[in-house]
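All letters in the sequence shown, in the order written, are residues 41 to 193 by this note's numbering. The C-beta atom is built at its ideal place from N, Cα and C for all residues, glycine as well. Treat the numbers as computed from the prediction; the structure is a model and nothing was measured. Below is one structure; the comments refer to it alone.
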Amino acid sequence: MKYFAYGSNCNPAVMERKGVRYRTRQPARLTGFRLLFNKRSLKPTVPAGVGFANIHLDSAGLVEGILYDLVPDDLPTLDASERYPDHYTRISVSVETSAGLVLCEAYQAQLDKVATGLRPSREYLNHLLAAKDLMSEGYYLALAQTEIFVNEM
């Protein structure tokens, strides 16, 4: 199964920790969407202002990420880690790769799980930045400039 990751799953170490196996990992670009950090956490240990990655329709948007060719048996493991279907839904998208367009699955946050004014934690953003080897320099530099959550307590 082809899966497009744009959040913490861009980091292969995160996929390994979750127990999700894949055959290949390659750069991919999703046009017509933009990356937001507007997914709320419902865990009491996560501060209220922290946001997680989400994609939102935007005709001028572009999201770079990782296209994984997953071991099919591991889809239920990935679904559980993404809190599908309660927090995220799975959508079919076409991403651009060096071999052309590829139809794949991506996760998009449920509307009742998003909020405005959220920011990623430094730790979370670092998982996205761990895919530097498969991102364009411009996208990586823009991502690295993302304003992070700072707990002022």
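With 16 other CB atoms within 10 Å as the buried threshold, where does residue i fall?
i: F161; result: The residue you asked about is not Phe; residue 161 is Ser in the sequence shown. S161 should be labelled buried.
i: P67; result: buried
i: E122; result: buried
i: N49; result: buried
i: I95; result: buried
i: L178; result: Looking at the sequence shown, residue 178 is not Leu but Gly. Label assigned to G178: exposed.
i: K79; result: buried
i: A88; result: exposed
i: L141; result: exposed
i: G91; result: buried
Output the boundary residues of the alpha helix (DSSP H) element that contains residue i.
i: E56; result: P52 to K58
i: Y164; result: R162 to L169
i: S121; result: L115 to S121
i: G178; result: E177 to A184
Looking at the unbroken beta strand (DSSP E) that takes in residue i, where does it start and where does it end?
i: H96; result: F92 to L110
Looking only at DSSP bridge pairs, what is residue i linked to?
i: K83; result: For K83, which the question treats as bridged, DSSP gives no partner whatsoever.
i: E145; result: Y43 and S132
i: T137; result: G140
i: Y62; result: L110
i: P125; result: P125 pairs with nothing; no bridge assigned.
i: L75; result: I95
i: A155; result: Its beta-bridge partners do not exist; DSSP assigns none.
i: L70; result: V103
Between the Cα of residue i and those of the options, spot the shortest distance and give me the residue it belongs to.
i: L168; options: G47, D109, L76 and M41; result: G47
i: Q148; options: L97, D114 and V60; result: L97
i: V111; options: G59, N166, D126 and F73; result: G59
i: L115; options: V190, N191 and M41; result: M41
i: D109; options: M175, F189, A45 and T186; result: A45
i: G105; options: A170, H127, V90 and L158; result: A170
May I ask whether a heavy atom of the ligand GDP can be found less than 7 Å away from the beta carbon of residue i?
i: H96; result: Because no ligand of any kind appears in the structure shown, any question about the ligand GDP cannot be addressed here.
With a cut-off of 8 Å on the beta carbons, I'd call residue i and residue j a contact; round off their distance for me.
i: R69; j: E136; result: 4 Å
i: F77; j: A93; result: 6 Å
i: Y164; j: L118; result: Actually they are not in contact, since the Cβ atoms of Y164 and L118 sit about 18 Å apart, beyond 8 Å.
Are the C-beta atoms of residue i and some chain B residue less than 8 Å apart?
i: S161; result: The structure shown contains no chain B, having only a single protein chain.
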